[in-house]
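Asker: Residue 38 is where the first sequence starts when you use the numbering used here, and the numbers rise one by one after that.
This is the structure I have questions about; it appears just below.
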Amino acid sequence: MEKTYQPESIEARWYQRWEADNRFAPSGSGAPFSMMIPPPNITGSLHMGHAFQDTIMDTLTRYKRMQGNNTLWQIGTDHAGIATQMLVERKLAAEEGKTRHDLGRDAFMDKVWEWKEESGDHITRQLRRMGASVDWSRERFTMDDGFYKAVQEVFVRLHEDNLIYRGKRLVNWDPTLHTAISDLEVENRDQQGSFWHFRYPLADGVKTDDGQDHLVVATTRPETLLGDTGVAVNPEDPRYASLVGKFIELPLVGRRIPIVADEHADMDKGSGCVKITPAHDFNDYEVGKRQNHLLINVFSQDATVLENAEIYNLKGQAQPDEDASLPAKYARLDRFEARKLIVDDMDAAGLLQEVETVNNTMPFGDRSGDIIEPLLTDQWFVAVDELARPAIKAVEDGDIEFVPKNYENMYFSWMRDLQDWCISRQLWWGHRIPAWYDENGNVYVARTEEEAREKHNIAADVALTQDDDVLDTWFSSALWTFGTLGWPEQTEELATFHPTSVLVTGFDIIFFWVARMIMMTLKFTGDVPFKTVYVHGLVRDGQGNKMSKSKGNVLDPIDLIDGISLDDLVEKRTGNMMQPQKAKAIAKATRAEFKDGIEPHGTDALRFTFLSQATTGRDIKFDMSRLDGYRNFCNKLWNASRYVLMNADGEDCGQVSPEQGGGDVILSLADRWILSALQKTAASVTRYIDDYRFDHASQALYDFVWNEYCDWYLELSKPVLWEEAEGMSSVAAAELVKRKRGTRQTLVRVLEAVLRLAHPMMPYISEEIWQRVAPLAGTLSDTQAGESDSIMAKAWPEADERLIDDSASRNIEWLKGVIVAVRNVRAEMNIAPGKQIDVLLTKGSAEDAERLEQNRPFLMKLAKLESAAWLDNPGDAPLSATQLVGDMEVLVPMAGLIDKDAELARLQKEIDKHDKQIGAVEKKLGNESFTAKAPKAVVDKERGKLAEAQSARALLEEQRQKIAAL
RNA sequence: AGGACCAUAGCUCAGUUGGUUAGAGCGCCACGUUGACAUCGUGGAGGUCGGCGGUUCAAAUCCGCCUGGUCCUACCA
């Protein structure tokens, strides 16, 4: 074995082997355990969030697989409508100078598919680097034919149930992308904006109660004035009661618009008058509905002003008889140019009363970054109320459980206040809506054109054209769990693996995806999509900032695995930026943070870091120093294994039991102790993974490996393995053989079990070492090694109660106590670590004396002693440095060794420590209500503590005086 | 405006049903290359658990208020 762990030399090899050996597919036996990957975008590359999430899923998957479950972790990718289309459009513009319209729909789609074939699997290749044991044979893509069939089926059935409808509605319109987007795709950002107060002249010579000839309305969007249909005042507002039913002469346009009473107008805000623009504002749309106003749309799909308005009634029917004229001077102007001009014109007309500067929030498209415009368009909607009810109930009833629990509140609060979901998108890339129109605009929803004709008796010579729009990507991903298992066919896989067991996802996607999956899956399968939702936090940079290209703080998981030079990292962060002016600052910050670039750490260290940071919090600040630490942990495990193999390889490790002709083994106290500790660790790790506490699971493993197995057990094995038989009686020599065999067996067996415990978290290193260790542990025959077996297929270690040995544990704790005591004296007395010293033990019980005899070889070796003796009479003790282990004193005779002042200082420090504790406990016990009211066990415990501390203090004081008297 | 979550050692985080001497890793200080490992070993320093108040015999833990931070929803005429 290499002297240090070299991950790059083993990772790719093992992943290929596992994949070639088909180890990721369900075994076909055992209780089903299934999980669907939240499908990553084909446009994306693996980011820290994916890596984190995939680590958790893979850990669960490998764990369940080892526990004997019929385990399916299904992989797939998402077509990501807008993102992919944008990407290919940009590429097309850059390479050929063409737009998608130049190509036409079919040719453009060919381009997208071409791109998908070339680049769409980038992210899945990276997923392999993470060690993800997904079943590649069942890889799915949301645009696959089979999945499209499910999407169509759902659309048609929802339509049949009147849960999908089409209508001219106000939607969030992205003027850059020319598509509607859902509420969730709108990002509300704080802005500083202007608030224009306009005078709206009253028509017909009407005056307000206080004699004004106008009302004042305020707006942040003056350009919508062109589409105003009225001014609302509050019905309770006495100031304007007399004006209700009168008219305003809309400035610049000349339209007569009514003054209406509507509760939407807030008496306390501004003048109390609100302009109403039903076609351009969501609130006004509602007012328009109540007041039976027309909808006057004044913007094109580019958000430029129309030459003539489009006027509809509330049913969306065009009103050709209405006056749609608009002032010619604003026609075709962009909305913001029109705004400027309208403000100027109002000002010139003396109608601008005031411009206020305000902080408000504005809606931005999360993809385009453009300001979203509420726009009246024909769209398809899902009526969500009926779907939401059972989805809420499923969580209330515990059919679906969120981990951590508090995310259920987030889910409920959203689910209980749902708007109908706009599912159509004016894109080309996506699932085309299965609806056809005849020449009169009648719509027919069906799975195919043929079906549409059949269902509605449409003659073959009637031309039908399919709806141009596609469905929201989230509509299809809502079907992910069952659509990918073959639904609507009742497949074997569907029966076996649905509902899935767990969904692992980020809290940011609960609304987008989780909630919608629950609704759709309940509707179409009558069952939940998953029983548990494990919600994790979002990975942020070391300062807690969201990682983003524009901030220049992105870390690529692959770079953490393979390492990257500083120059390459800077190039990666500053190359191809949207805002190149930031490049300099980013380069500087990067050079400051990563002076020497990033060293290679290997996949396992990265995975272990993610797991250790998988706490219940919402933010995960990625900590590079912990990554370093867990790489060191890999190296520790590697070297411990190297030690084990050096001592066990080629030796008799008791693989063959005595019953089957193998030699006898004698287990030392240390052997029994570590076996016992292993059982407890196995139980803890199991429990923690079951509870989704990956941080605790990784910590439990780390503690055992480093602090027990390496720090103590390997050291304790040395005296046994290195003991020479020379000069022994033949009986003792024969026994030594058995003792050595027992220790080798324990070394190897514990390591082998540890590797299995580690495997779900650190698949590569555990496999690599296991292949060498397992034959020695008897769990893998020599002939199989490296050939046909894998730790992946081995059983998860179950805690064996029979191996728990409390007496051995107490013994080793005693031994550790004595060794630490001696080391402490050494360190504080500046005794050279290598110097062999004498130690006396005294004042203890008979059991202590007995333990000294049992543990003497260990003690001598680990504490580097010249001698260790029991002193029956404490009075005979020479002047010594003293440490306490329980009641027992550990004495290091001072002769020629110990610095008097140093020892006095050390003792005083100890005494002070005890005094502090005694004070605290005495205070507690002195409180009568404590002794009266606290449970007896608690009081007794305090009394015990006091007695212990007092006797210890007395011993230390006695010792201090003895030395002080010198 | 409403709600959620967070605030523990210099840093990143644990702390289960209230009773612990409040823990881990990293960092820091001192010492150390003897045969698994300097990606290491040994010893050590470091916290009035954001603040105030309450409940209780007992609060990092439960309750209230406040401060600071993050996020969501809503409003924004």
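Just so it is clear, CB atoms sit at the ideal spot from N, CA and C, and this is done for glycine as well.
If you're wondering where the values come from, they're calculated on a predicted model, not measured in any experiment.
Along the beta strand (DSSP E) that carries Ser174, what are the first and last residues, could you check?
Answerer: Here residue 174 refers to the residue found at position 137 when the first sequence is read from its first residue. Here the beta strand (DSSP E) through Ser174 covers Asp172 to Phe178.
Asker: Spatial neighbours of Asn320 within its chain, please: C-beta separation below 7 Å, excluding the five flanking residues on both sides.
Answerer: One-based indexing of the first sequence puts residue 320 at position 283. Within the same chain, His301 come within 7 Å of Asn320 by CB-CB distance, once the 5 residues on both sides are set aside.
Asker: Hey, would you say Gln416 sits closer than 9 Å to Ser362, going by beta carbons?
Answerer: On the first sequence, position 379 is the one that residue 416 refers to. On the first sequence, position 325 is the one that residue 362 refers to. Against a cut-off of 9 Å, the Cβ pair of Ser362 and Gln416 comes out as no contact.
Asker: From the DSSP output, in three-state form, read off Ala346 for me.
Answerer: For the purposes of this step, residue 346 is taken as the residue at position 309 of the first sequence. Here Ala346 sits in strand by DSSP.
Asker: For Asn397, which residues of its own chain have a beta-carbon under 7 Å away from its beta-carbon, when the five flanking residues on both sides are left out?
Answerer: By one-based count along the first sequence, residue 397 stands at place 360. Once the five neighbours on either side are set aside, the close Cβ partners of Asn397 are Gln228, Gly230 and Thr257.
Asker: Exposed or buried, Pro915, counting other C-beta atoms within 10 Å across all chains shown (16 or more means buried)?
Answerer: Locating residue 915 in the first sequence gives position 878, counting from the first residue. Only exposed fits Pro915, as fewer than 16 other CB atoms lie within 10 angstroms of its CB.
Asker: Mark Pro870 as exposed unless 16 or more other C-beta atoms lie within 10 angstroms of its C-beta, in which case mark it buried.
Answerer: If you number the first sequence from 1, residue 870 lands on position 833. Exposed: under 16 other Cβ atoms inside 10 Å.
Asker: Look at the Cβ atom of Gly687, then the Cβ atom of Arg778, and state whether they are nearer than 9 Å.
Answerer: As a working note, residue 687 is residue 650 in the first sequence. As a working note, residue 778 is residue 741 in the first sequence. No, Cβ-Cβ distance for Gly687 and Arg778 is not below 9 Å.
Asker: Hey, Asp79 and Gly157 are a contact pair by Cβ (cut 8 Å); roughly how many whole angstroms apart?
Answerer: Residue numbering aside, residue 79 sits at position 42 when the first sequence is read from its first letter. Residue numbering aside, residue 157 sits at position 120 when the first sequence is read from its first letter. Per the sequence presented here, residue 79 reads as Ile, with Asp not at that position. That belief holds up - the Cβ atoms of Ile79 and Gly157 are roughly 4 Å apart, short of 8 Å.
Asker: May I ask which residues mark the beginning and end of the beta strand (DSSP E) holding Ala298?
Answerer: Position 261 of the first sequence, counting from 1, holds the residue named residue 298. Unbroken beta strand (DSSP E) run through Ala298: Arg293 to Ala298.
Asker: Confirm, please, whether the CB-CB distance from Phe549 to Ile201 is below 9 Å.
Answerer: Indexing the first sequence from 1 puts residue 201 at position 164. Indexing the first sequence from 1 puts residue 549 at position 512. Not a contact, by the Cβ cut-off of 9 Å.
Asker: Return helix, strand or coil for Ile495, following the three-state DSSP convention.
Answerer: On the first sequence, position 458 is the one that residue 495 refers to. Note: Ile495 maps to coil in three-state DSSP.
Asker: In the DSSP assignment, the beta strand (DSSP E) including Met399 goes from what residue to what residue?
Answerer: Walking along the first sequence from the start, residue 399 turns up at place 362. From DSSP, the beta strand (DSSP E) with Met399 extends over Leu389 to Gly402.
Asker: Looking only at its chain, what residues have a beta carbon closer than 6 Å to the beta carbon of Leu287, apart from the 5 residues adjacent to it on each side?
Answerer: Start at 1 with the first residue of the first sequence, and residue 287 comes out as number 250. Asp265 and Ile294, listed in sequence order.
Asker: Put Arg462 into one of helix, strand or coil per three-state DSSP.
Answerer: Stepping through the first sequence from its first residue, residue 462 is reached at position 425. The answer is strand: DSSP assigns Arg462 an E or B state.
Asker: Just confirm the distance between the C-beta atoms of Arg292 and Leu388, as a whole number of angstroms; I'd bet it's less than 8 Å.
Answerer: What you label residue 292 is simply residue 255 of the first sequence in a count that begins at 1. What you label residue 388 is simply residue 351 of the first sequence in a count that begins at 1. Actually they do not touch by this definition, with Cβ atoms about 15 Å apart.
Asker: How many whole angstroms separate the CB atoms of Trp458 and Val149, which I take to be in contact at a CB cut-off of 8 Å?
Answerer: Locating residue 458 in the first sequence gives position 421, where the first residue counts as 1. Locating residue 149 in the first sequence gives position 112, where the first residue counts as 1. Actually they do not touch by this definition, with Cβ atoms about 25 Å apart.
Asker: In the DSSP assignment, find the unbroken alpha helix (DSSP H) run with Asn848 in it and report its ends.
Answerer: Here the question's residue 848 lines up with position 811 in the first sequence. Its alpha helix (DSSP H) spans residues Asp843 to Glu865.
Asker: Tell me whether His573 sits in a helix, a strand or coil according to DSSP, three-state version.
Answerer: Residue numbering aside, residue 573 sits at position 536 when the first sequence is read from its first letter. Note: His573 maps to strand in three-state DSSP.
Asker: Suppose you measure from the CA of Arg60 to the CA of Leu643; what does that come to, to the nearest Å?
Answerer: The residue you call residue 60 lines up with position 23 of the first sequence. The residue you call residue 643 lines up with position 606 of the first sequence. Taking the straight line joining both Cα atoms gives about 23 Å.
Asker: Just the C-alpha distance for Gly183 and Ala532, rounded to the nearest angstrom, thanks.
Answerer: Mapped onto the first sequence, residue 183 falls at position 146. Mapped onto the first sequence, residue 532 falls at position 495. Their backbone Cα atoms lie some 17 Å apart in a straight line.
Asker: If you pair each beta-carbon of the stretch 863–880 with each one of the stretch 900–919, do three or more pairs fall below 8 Å?
Answerer: yes
Asker: With H, G and I counted as helix, E and B as strand and the rest as coil, what does DSSP make of Val243?
Answerer: As a working note, residue 243 is residue 206 in the first sequence. Of the three classes helix, strand and coil, the one that applies to Val243 here is coil, per DSSP.
Asker: Hey, which unbroken runs of the alpha helix (DSSP H) at 4 residues or more fall wholly within the stretch 713–779?
Answerer: 731–739 and 752–758
Asker: Would a C-beta distance cut-off of 9 Å place Asp641 and Leu603 closer than the cut-off?
Answerer: Sequence index remark: in the first sequence, residue 641 carries index 604 (1-based). Sequence index remark: in the first sequence, residue 603 carries index 566 (1-based). Not closer than 9 Å, so no.
Asker: Which residues does DSSP list as the beta-bridge partners of Asn225?
Answerer: On the first sequence, position 188 is the one that residue 225 refers to. Asn225 pairs with Pro400.
Asker: Just grab the DSSP bridge partners of Ile635 for me.
Answerer: To locate residue 635, count along the first sequence from 1; it is residue 598. Answer is Ile601.
Asker: Sort out for me which residues DSSP pairs Thr542 with in a bridge.
Answerer: Counted from its first residue, the first sequence places residue 542 at position 505. DSSP links Thr542 through a beta bridge to Val572.
Asker: Name, in chain order, the residues that DSSP records as bridge partners for Cys310.
Answerer: Taking the first sequence and counting its residues from 1, one reaches residue 310 at position 273. Paired residue(s): Val270.
Asker: Assuming Ala483 and Val193 make a contact with CB atoms under 8 Å, what is their CB distance in whole Å?
Answerer: Numbered from 1 along the first sequence, position 446 holds the residue referred to as residue 483. Numbered from 1 along the first sequence, position 156 holds the residue referred to as residue 193. Their Cβ separation, rounded to whole angstroms, is 6 Å, which keeps Ala483 and Val193 in contact under 8 Å.
Asker: Which stretch, first to last residue, makes up the alpha helix (DSSP H) that contains Val975?
Answerer: Here residue 975 refers to the residue found at position 938 when the first sequence is read from its first residue. Where Val975 is concerned, the enclosing alpha helix (DSSP H) stretches over Lys973 to Ala1001.
Asker: Between Phe336 and Asp407, what straight-line distance do the alpha-carbon atoms span, to the nearest angstrom?
Answerer: Taking the first sequence and counting its residues from 1, the one referred to as residue 336 is at position 299. Taking the first sequence and counting its residues from 1, the one referred to as residue 407 is at position 370. In this structure, the alpha-carbon of Phe336 lies about 16 Å from that of Asp407.
Asker: Kindly indicate which residue of Thr96, Asp936, Ala971 and Gln111 has the alpha-carbon position closest to the one of Thr521.
Answerer: Stepping through the first sequence from its first residue, residue 521 is reached at position 484. Checked all of Thr96, Asp936, Ala971 and Gln111; the closest Cα to Thr521 is Gln111.
Asker: State the start and end residues of the unbroken alpha helix (DSSP H) segment that holds Gly183.
Answerer: Within the first sequence, the letter at position 146 stands for residue 183. Residues Asp182 to Glu197.
Asker: Report back the beta-carbon spacing between Arg655 and Phe401 to the nearest angstrom; my notes put them in contact at under 8 Å.
Answerer: As a first step, residue 655 must be located in the first sequence, where it is residue number 618. As a first step, residue 401 must be located in the first sequence, where it is residue number 364. Between Phe401 and Arg655 the Cβ distance is about 23 Å, and since that is not below 8 Å, they are no contact.
Asker: DSSP beta-bridge partners for Asp415?
Answerer: Stepping through the first sequence from its first residue, residue 415 is reached at position 378. Looking at the DSSP assignment, Asp415 forms a beta bridge with Lys205.
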